[in-house]
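Protein chains: 4
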Amino acid sequence: MAATETIPGVKRKGVKRKRDAKATRGAILEAARAEFAGRGLGGGRIDAVAERAGCNKAMIYHYFGSKDALFAAVLQHNYTLIRQAEADLDLRSLAPVDAVRAFVEFSFDYVAANPEFIKLINEENLHRAIHIDPATARQMNSPVTSALGDVLKRGAADGSFRGDVDPQDLYISIASICYFPISNRYTLSAIFDLPQGDAMLAARRAQALAVIFGYLRPL
Amino acid sequence: MAATETIPGVKRKGVKRKRDAKATRGAILEAARAEFAGRGLGGGRIDAVAERAGCNKAMIYHYFGSKDALFAAVLQHNYTLIRQAEADLDLRSLAPVDAVRAFVEFSFDYVAANPEFIKLINEENLHRAIHIDPATARQMNSPVTSALGDVLKRGAADGSFRGDVDPQDLYISIASICYFPISNRYTLSAIFDLPQGDAMLAARRAQALAVIFGYLRPL
Amino acid sequence: MAATETIPGVKRKGVKRKRDAKATRGAILEAARAEFAGRGLGGGRIDAVAERAGCNKAMIYHYFGSKDALFAAVLQHNYTLIRQAEADLDLRSLAPVDAVRAFVEFSFDYVAANPEFIKLINEENLHRAIHIDPATARQMNSPVTSALGDVLKRGAADGSFRGDVDPQDLYISIASICYFPISNRYTLSAIFDLPQGDAMLAARRAQALAVIFGYLRPL
Amino acid sequence: MAATETIPGVKRKGVKRKRDAKATRGAILEAARAEFAGRGLGGGRIDAVAERAGCNKAMIYHYFGSKDALFAAVLQHNYTLIRQAEADLDLRSLAPVDAVRAFVEFSFDYVAANPEFIKLINEENLHRAIHIDPATARQMNSPVTSALGDVLKRGAADGSFRGDVDPQDLYISIASICYFPISNRYTLSAIFDLPQGDAMLAARRAQALAVIFGYLRPL
DNA sequence: CATGAATGAGAATTCATTCAT
DNA sequence: TATGAATGAATTCTCATTCAT
Chain D
529 MAATETIPGV KRKGVKRKRD AKATRGAILE AARAEFAGRG LGGGRIDAVA
579 ERAGCNKAMI YHYFGSKDAL FAAVLQHNYT LIRQAEADLD LRSLAPVDAV
629 RAFVEFSFDY VAANPEFIKL INEENLHRAI HIDPATARQM NSPVTSALGD
679 VLKRGAADGS FRGDVDPQDL YISIASICYF PISNRYTLSA IFDLPQGDAM
729 LAARRAQALA VIFGYLRPL
Chain X
529 MAATETIPGV KRKGVKRKRD AKATRGAILE AARAEFAGRG LGGGRIDAVA
579 ERAGCNKAMI YHYFGSKDAL FAAVLQHNYT LIRQAEADLD LRSLAPVDAV
629 RAFVEFSFDY VAANPEFIKL INEENLHRAI HIDPATARQM NSPVTSALGD
679 VLKRGAADGS FRGDVDPQDL YISIASICYF PISNRYTLSA IFDLPQGDAM
729 LAARRAQALA VIFGYLRPL
Chain R
529 MAATETIPGV KRKGVKRKRD AKATRGAILE AARAEFAGRG LGGGRIDAVA
579 ERAGCNKAMI YHYFGSKDAL FAAVLQHNYT LIRQAEADLD LRSLAPVDAV
629 RAFVEFSFDY VAANPEFIKL INEENLHRAI HIDPATARQM NSPVTSALGD
679 VLKRGAADGS FRGDVDPQDL YISIASICYF PISNRYTLSA IFDLPQGDAM
729 LAARRAQALA VIFGYLRPL
Chain E
529 MAATETIPGV KRKGVKRKRD AKATRGAILE AARAEFAGRG LGGGRIDAVA
579 ERAGCNKAMI YHYFGSKDAL FAAVLQHNYT LIRQAEADLD LRSLAPVDAV
629 RAFVEFSFDY VAANPEFIKL INEENLHRAI HIDPATARQM NSPVTSALGD
679 VLKRGAADGS FRGDVDPQDL YISIASICYF PISNRYTLSA IFDLPQGDAM
729 LAARRAQALA VIFGYLRPL
C-alpha cells in the first residue's frame, strides 16, 4: 500500500522489523526513558514511545503490559545502571578523601550526563514511588551505603573527616547537592543570572565539592 | 442521592454558585495547585480542578484561558507566596548565624509544610521553565539574595563564617539540601529504611543545618 | 474547517446538537438498543451507537459512564417498557381463557414487533445477567405473575383450565414458546423449510396458542 | 517462575507441542466452543482460544483460516454431535409415548449438559445464521423430523396423541420449551426466585414434559 | 506442523476546550 | 458571572491476522 519507500535507514511503514525480542525490548526501554523523562508519566505518550523505538504500539503492551508497568521497568532499569556504575567506583580501595571526591564527582557527573535519570526519579516521587519495589531498591543500594560507611570510618580514624557523620545522611546530602541543581536548572536559571551550559555545570560541581568537603572537615 | 442535600459548604449539582469573581478565581488556583502538584501538568485534569474548586470547567477558561496558562498562574502565585514569606524573615536585622539558621529552617519548614510547592517547581523544570517569566522571577528573588549577601559579609567580618561563599551559591545549596529530601522522600524511603513522618522531617532538618553550618565554618 | 455542508436534515460535522439532555439520553438508549441487539455486547461499537444517536461518543460516557453501564441501562429501559405493556393488559378483568389468550398473543406479538428485546435478553444471559439488579427485576415482574395466578385460579374454578399449574411455570412456558421461535428464527429457517416473514410469524403464533391451550385443558 | 515446570499435560511456553494435526484441530474446536459460548462471537478472542487450546494463534489460522470460519466450524461440529445423539435415540423402535418422552428428556438433558450448545445457536441467530449452510443443516435434521412424524402418526393411530400435530411444529415447540429455560436461566433467576442448580433443572424438565404431554393429549 | 514476534486497524475511554443558555 | 451540554482530537489499549524462522 502506498509506494514502497526506499530511503535507507529510515523506518518505513509496512516493513517488518528485526524480529529480535531482546533488541526490541531494549529499544522500547530507551525510548520510554526519553519520553517519560521529557514529558513525565502523565504527559508521556505510548504512541511517541513506539515511534522513538521504531516499533509498533502493540509490542509495548506485548512486552510490558501497560504504561505504568513500562514506567516501572524504565525506573528499575535505570536504577540498576547507576547502582552498577556506583559499585564500579570501588570506594573501599581509595583513600577517604579520594573516595568522597570520587563519589561526589561521580554523582554529579552521572546526572549531568544523564539528566533523564533524575527526571524519572522526580516523576516517580510525584507518584509516591508506587512503581518501586522497596525490597529490591534497598538491596541494590546497600553496597554503596556500606562502602560510604567504611570510607567515613577510615576518614574519621585518620583525621580527614569529622567523626559524627552517618553514611545514609551523607548519601542523601550528596544526592541533594548534586541532583537538585541539575534537575532544577531551568527554574534556577530563570531566577538567577547563571552561566549557561558547561560553565554552569562546572560551577555547580565545584560548589557540590565545596559544600560536602566543607561539611566533612574535622570539627 | 442528590435531590435534597443541605450540608452547608458542599456543592450541589444544578445549584448556582456564589457569583464572586475573586473567590472563584482563588478557589481555582488552590484546586489547580493541588491537582498539578499531585499529578503533574500532563497528568492533571481540568475536570478535576473544576471539581476540587467546586466550580464549572468553563470558569477556568473564563479566568485563565488555558490549561498551560492556569499552570503558569499557579506557579506565579506560589512563587509570590514564598518570596513574600522569605522577605518577612528580615535577615538583615539578625546576627549572621541567626540569620542563616532562620533561613535554613524557614526553607526547610516551608517545603515541609507546602510540599506541593516543590512539586510544582520540579514539574516546571520538566517543561524547561517555559511558564516562568525570568524578568519577574529575578526581580522577585533579588531581595533575598542580596540579604543573604549581607549576612555572609557580616559573618565573614565577625569570624562566624568562611569568607569565600557566594550568596547565590549558598541559596542554591540551601535549596538543594532542604528541598530534595522532601520532594524525593518517597524514593528515598524506598531505598533507605528511614523514619516516617515527623521523625523523618526532624532528621532531615537537623542534617540540613549540619551541612550548611559545617560548610560555612571558617577555614 | 471543510466546506460548510448544508444538506438539510443530514447531520453535519461541526454543527452542534440540540442541547437537550433528555432527548440526547433517549437517543443514545435507542441507538444502543439497536446496536447491541444487532451485534451483541461484545460486538457492538460505541462509535456506532454515537453515530446512530447522532451525537458524540463522549456524550455516551457523560451520560452512562461505560459500555457496560450503557448496556445495563438499555436492558433496564426495555424491561420497563414490556412490564408496563404487560400491566396494561389488565388480565384480572378478563375471563380466564380470554386472559390467557391475551397474554400469549401479547407476548408473541411483543417480541415479533420488538425482536431486539429478546436479543438483548439472550445477550444478557451470555453474561450471566450481571447487568441486572434482581431486586428491581423481581419487583417489576411480580404484578404480572400474580395476575397470572389469579387467572389460573379463576380458570380452574370455572373448569376452563387444569388445576395444577403454577403461575411462574406458566409464565416461563409462555415465554419459551413465544420467544424462542422468534429469537432463533434464523437457525430454524436454516434447518427447516419454513414459510418466510409474516406467514412464519402467523404459524408460530398459532402454534404457541395451541401448545399453551392444549396444555391448560382440564385433565 | 517458569523454567522447570514438569506437570504433565500442562503447556509450557517455549516448549514445542505434540505435532499431532488431529489433536490440535480438536483442541482448537473445543477451546473455541468454550470461548464463543462464553463471550459470543464478537466478544470471543482468538488469543484466548489459542491459550485454552494450548497452541499457537497461527495454528488457528492454519487450520481454520479466520475467526468467522472457526466459528462456523464450531457450529457445524456441535450440530453434528447433537444430530448424531438424536439419531441414536432410535425413536422409531419405541412406543409413541415412550418415544416422545425419550425425545423431550433427551433434548432437555442435552442442553442441560451442554449449555454451550444453545449459547452458540443463540449467537448464530444474532448473526442471522450466516455461518450455517442450510442444505447441510436440513439434510442433517431430516432424520429426526421424519422419525417424529412417524411417532406422531403411530400415537394418533393408537389414541395416545391428538391427531393434528405437525412434526416440525412439535420439534420447534420441544426445542423452545427445553432450550429457553436453560439458555435464559440467568435472567429468569433474576426475575423469579427460582431454585438453584439441579433443583431448578429438575423443575424445568418436569414442566417441559408436562407442557408437551399436556399439549399432545387427544382432543 | 509449530512458534511467537510483529503489525495495523480499530475500539473504549479521556480530555481540553467551546458555546448556547 | 455561571452552567453543563456538546465536541473532536487524542490516548491507552486490544485484536485479528501475518510472517520469518
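Residue numbers (our numbering), protein chains in the order written: chain D, 529 to 747; chain X, 529 to 747; chain R, 529 to 747; chain E, 529 to 747. All residues carry an ideal CB built from backbone N, CA and C; glycine is no exception. Treat the numbers as computed from the prediction; the structure is a model and nothing was measured.
Check                                                                                                                                                                       : Outcome
Going along chain E in order, which residues have a C-beta closer than 8 Å to the C-beta of R/N669?                                                                         : I719 and F720
Output the distance between the C-alpha atoms of R/R745 and E/V639, rounded to the nearest integer angstrom.                                                                : 28 Å
Straight-line CA distance for R/R656 to R/R561?                                                                                                                             : 19 Å
Please identify the residue among D/A731, D/I660, D/K681 and D/G568 whose C-alpha is closest to the C-alpha of D/L622.                                                      : D/K681
Can you name the start and end residues of the alpha helix (DSSP H) that D/C706 belongs to?                                                                                 : P695 to S711
Helix, strand or coil for D/L745, going by three-state DSSP, please let me know.                                                                                            : Per the sequence presented here, residue 745 of chain D reads as Arg, with Leu not at that position. In the structure shown, D/R745 sits in coil (DSSP, three-state: anything other than H, G, I, E or B).
Quick one: what's got a C-beta closer than 7 Å to D/R620's C-beta in the same chain, skipping five residues either side?                                                    : A675 and D678
For X/T715, count neighbouring Cβ atoms within 10 angstroms of its own Cβ and tell me buried if that reaches 16, exposed if not.                                            : buried
Taking the straight line between their C-alpha atoms, what separation do you get for D/I588 and D/V602?                                                                     : 12 Å
Please list the residues of the stretch 645-672 of chain R that have a C-beta atom closer than 7 Å to any C-beta atom in chain E, keeping them in chain order.              : K647, I649, N650, E652, N653, L654, R656, A657, I660, P662, A665, R666 and N669
Could you check if R/I658 is buried or exposed, using at least 16 other CB atoms within 10 Å of its CB as the buried criterion?                                             : exposed
Tell me, to the nearest whole angstrom, how far the beta carbon of X/Y591 is from that of X/I556; I am working on the premise that it is less than 8 Å.                     : 6 Å
I'd like the span of the alpha helix (DSSP H) that includes D/N642, first residue to last.                                                                                  : Looking at the DSSP string, D/N642 is not in any alpha helix (DSSP H), and its letter there is neither H nor E.
What's the C-alpha gap between E/A738 and R/E558?                                                                                                                           : 39 Å
Going by DSSP in three states, X/L617 sits in which element: helix, strand or coil?                                                                                         : coil
Taking only runs of the alpha helix (DSSP H) that begin and end inside the stretch 622-675 of chain D, which ones reach a length of at least 4 residues, in chain order?    : 624-641 and 643-654
Any idea what DSSP makes of D/Q612, helix, strand or coil?                                                                                                                  : helix
Listing by chain order, which chain R residues have their CB less than 7 Å from the CB of E/Y707?                                                                           : F708
Tell me which same chain residues have a C-beta within less than 6 Å of the C-beta of E/F636, skipping the five on either side of it?                                       : C706, R733 and A736
For a test of the three-state rule: what should DSSP assign to E/Q724, helix, strand or coil?                                                                               : coil
Does the distance from the CB of E/G570 to the CB of R/G570 come in under 8 Å?                                                                                              : yes
Could you give the DSSP three-state label for E/F564: helix, strand or coil?                                                                                                : helix
Output the boundary residues of the alpha helix (DSSP H) element that contains X/D575.                                                                                      : I574 to A581
Measuring CB atoms only, is the stretch 715-729 of chain E touching the stretch 664-672 of chain E, in the sense that at least three cross pairs come out at less than 8 Å? : no
Thinking C-alpha only, which one of E/A578, E/I702, E/N584 and E/H605 is nearest E/D661?                                                                                    : E/H605
Since E/I646 and E/I710 are thought to touch, with beta carbons under 8 Å apart, how far apart are those beta carbons, to the nearest angstrom?                             : 6 Å
Check this for me: beta carbons of E/A615 and E/P671, under 8 Å apart or not?                                                                                               : yes
Residues of chain X with CB closer than 9 Å to the CB of D/Q724, please, in chain order.                                                                                    : The contacting residues do not exist; D/Q724 stays about 13 Å from chain X at best.
Can you list, in chain order, the residues of the stretch 587-613 of chain E whose Cβ is nearer than 8 Å to any Cβ on chain R?                                              : none
Check whether chain X comes within 8 Å of D/I745, counting only Cβ atoms and requiring the distance to be less than that.                                                   : The sequence given here places Arg at residue 745 of chain D; Ile does not occur at that position. At least one chain X Cβ lies under 8 Å of D/R745.
Are X/I702 and X/I649 closer than 8 Å when you measure CB to CB?                                                                                                            : no
Within 8 Å (strictly less), CB to CB, does R/L569 reach chain E?                                                                                                            : yes
What is the residue span of the alpha helix (DSSP H) that R/F689 lies within?                                                                                               : R/F689 -> no alpha helix (DSSP H), and no H or E assigned at all.
Taking the alpha-carbon of X/R611 as reference, which of X/S704, X/P624, X/F634 and X/E563 has the nearest alpha-carbon?                                                    : X/F634
Name the chain R residues that come within less than 7 Å of E/D697, Cβ to Cβ?                                                                                               : Q735
Report the neighbours of D/G742 on chain X: residues whose CB is nearer than 8 Å to its CB, in chain order.                                                                 : R690, G742, Y743, L744 and R745
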